[in-house]
Amino acid sequence: MKIALWTVSVFIVLNLLQSTMPVTANPILFVPTGNTLTTGQFRAEAAFSPNNENGKYFWLGAGFLQFEANLIRFESPSGDKENLIGAQWNFLPETLLTPGISFGVKDIASESAEGIGGYLAITKNIPIGKAVSLVKDFSATVGVGVGGIKGVFAGFEAKLPMGFFVQGEYDSQDINAAAGWQPIKILRLKAYSLRKEFFFGAELVPALF
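With my numbering applied, the sequence shown covers 216 to 424.
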């Protein structure tokens with residue numbers, strides 16, 4: 216009985232702490248994070264190469280409880296399409312005390328050259344305080360994958376003054392990055408370096424249906 220009461224108490228505390236933490240969508244760019252979209256949340260993002268020389272990417276995601284379904288779609292300049300369908304379970308929500316920990320699978324239909332991959336991802340918002348005056352918020356992710364995700368991956372997002380931000384990641388194969396500006400609450404304009412190629416686009420910040 217005491218164990219049951221203790222377990223319930225812990226989950227209540229975690230849920231209360233979770234409500235004070237920022238929600239980070241999955242993924243950063245291609246790297247999954249330890250957090251998922253919550254019930255009723257969705258995100259959408261698109262990146263285009265100049266004159267469609269290197270194709271275009273689209274990201275979609277939706278959450279339910281501690282589960283998320285997501286899609287990364289690539290359309291090549293020749294018109295070929297690749298849909299990387301993913302699913303993720305947020306095993307431990309991020310709180311003031313704990314990191315967000317998730318298990319997931321990427322490219323369920325195995326449409327990419329790398330094929331289906333499973334992963335564990337851990338994300339934590341790191342208090343910066345006054346140590347770095349130009350950084351208002353910083354979130355770091357580390358993880359490990361098998362199959363199509365070949366080993367260790369890592370990434371970060373740093374929010375800067377006046378709505379600017381930068382993102383960077385190592386997806387176990389490539390280094391990718393993005394920088395941008397958030398003019399309004401629900402929209403971020405971005406420039407990307409994805410797999411050594413330049414893209415530009417926009418992201419709808421996670422919002423409720």
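No residue lacks a Cβ here, since even glycine has one placed at the ideal position from N, Cα and C.
In this text the structure is predicted, and so the values were computed from the model without any measurement.
Worksheet item: How far does the beta strand (DSSP E) with Thr253 in it reach, from first residue to last?
Response: In the sequence shown, residue 253 corresponds to position 38, counting from 1. Looking at the DSSP string, Thr253 is not in any beta strand (DSSP E), and its letter there is neither H nor E.
Worksheet item: Straight-line CA distance for Phe413 to Pro265?
Response: Translated into positions along the sequence shown, residue 413 becomes position 198. Translated into positions along the sequence shown, residue 265 becomes position 50. Rounded to the nearest angstrom, the two C-alpha atoms are 8 Å apart.
Worksheet item: In this structure, what does DSSP give as the bridge partners for Leu419?
Response: Locating residue 419 in the sequence shown gives position 204, where the first residue counts as 1. Answer is Ala259, Leu402, bridged to Leu419.
Discussion item. Between the alpha carbons of Glu297 and Gln382, how many angstroms are there, rounded?
Written reply: Counting from one through the sequence shown, the residue named residue 297 turns up at place 82. Counting from one through the sequence shown, the residue named residue 382 turns up at place 167. Those two C-alpha atoms are separated by around 24 Å.
Practice prompt. Report yes if the CB atom of Lys351 is closer than 8 Å to the CB atom of Lys374, and no otherwise.
Written response: Counting from one through the sequence shown, the residue named residue 351 turns up at place 136. Counting from one through the sequence shown, the residue named residue 374 turns up at place 159. Contact: yes.
Practice prompt. For Val246, name the three-state secondary structure that DSSP assigns.
Written response: If you number the sequence shown from 1, residue 246 lands on position 31. Coil, per DSSP.
Worksheet item: Beta carbon of Gly487, beta carbon of Gly360: below 8 Å?
Response: For residue 487 there is no data in the structure shown, the boundaries of the chain being 216 and 424.
Practice prompt. Counting only the same chain and skipping the five closest in sequence on each side, list residues whose C-beta sits under 6 Å from that of Phe379.
Written response: For the purposes of this step, residue 379 is taken as residue 164 along the sequence shown, with counting starting at 1. If we look at Phe379 and ignore the five residues flanking it on each side, its Cβ neighbours are Trp396.
Item to complete: Leaving out five residues on either side along the sequence, give the residues of the same chain with a beta carbon under 8 Å from the beta carbon of Pro314.
Response: Locating residue 314 in the sequence shown gives position 99, where the first residue counts as 1. So the list reads Gly249, Leu307, Ile337, Thr338, Lys339, once near-sequence residues are dropped.
Item to complete: Scan the region 317-356 and note each continuous beta strand (DSSP E) run of 3 residues or more that stays entirely inside, going in chain order.
Response: Within the region 317-356, the complete beta strand (DSSP E) segments of 3 residues or longer fall at 332-340, listed in chain order.
Discussion item. According to DSSP, is Asn267 part of a helix, a strand, or is it coil?
Written reply: Within the sequence shown, residue 267 is the residue found at index 52, counting from 1. Of the three classes helix, strand and coil, the one that applies to Asn267 here is helix, per DSSP.
Item to complete: Within its chain, find whatever has a CB closer than 6 Å to the CB of Leu280; leave out the 5 residues flanking it on each side and keep chain order.
Response: Residue 280 sits at position 65 when you count from the first residue of the sequence shown. Cβ within range, chain order: Thr254.
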